[in-house]
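Below: one structure, written as structure tokens.
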Amino acid sequence: MVVLERIKSVWKVNGELSFTLFGVIFGLILGFILRFFEPDRKLIIYINFPGEILMNILRLMILPLIVASIISSLSQLDADQSGAVSKWAFTYYAITTTCAVILGIILVLVIHPGNPSIKGKTLAEIEIEKAANISGSDKFLDVFRFVVF
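So the sequence shown is numbered by our numbering: it starts at 1 and just counts up by one.
Encoded structure:
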């Protein structure tokens, strides 16, 4: 009985960690097994769907958490410190954004990203080809993918 109670108490404390580790290990094993079977496009889409929804939810949560954290931190400082921190934050943001834009432009000019099979086609031709490949299940998943998030 003592052992069973000890297991229950450990499980209550570390239950979420155990489920997380189990999910990671299960995902790795499933990924390695499915790689040998070469699944078709539909199965990959169905397996990818929950992860895509999770990433969308995390993207929705990150910016408000960062903004709330910055506002909370700045409200605890006095006016002089707050102004100095704000200047440094704005300067850092401006410099990193400028570097990202310049790097993006350089990479586009150097490596020419995109699908080479669609170069030379009009936008209407590309949309017609995409519409021909859409199934009912794709439309159903798009409801959750684009309307909800």
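For each residue, glycine too, the CB sits at the ideal point set by N, CA and C. Here the structure is a predicted model, which is why all the values come from computation and not from measurement.
Which residues in the same chain have their Cβ closer than 8 Å to the Cβ of proline 113, if we skip the five residues on either side of it in sequence? Taken in chain order, the residues that qualify are Leu107.
Grouping DSSP H, G and I as helix and E and B as strand, with all else coil, what is glutamate 52? Helix, per DSSP.
What number of angstroms, rounded off, separates the C-alpha of cysteine 99 from the C-alpha of glutamate 5? So the two alpha carbons sit approximately 57 Å from each other.
Secondary structure of leucine 107, DSSP reduced to three states: Assigned with DSSP and collapsed to three states, leucine 107 falls in helix.
Residue range of the alpha helix (DSSP H) that includes glutamate 5: Per DSSP, glutamate 5 belongs to the alpha helix (DSSP H) from 2–37.
Distance CB(leucine 77)-CB(valine 85) smaller than 8 Å: A contact, by the Cβ cut-off of 8 Å.
For phenylalanine 32 and valine 143, what's the separation of their Cα atoms in angstroms? Phenylalanine 32 and valine 143: Cα-Cα distance of roughly 30 Å.
For the alpha helix (DSSP H) that aspartate 142 lies in, which residues bound it at each end? That run of the alpha helix (DSSP H) goes 136–142.
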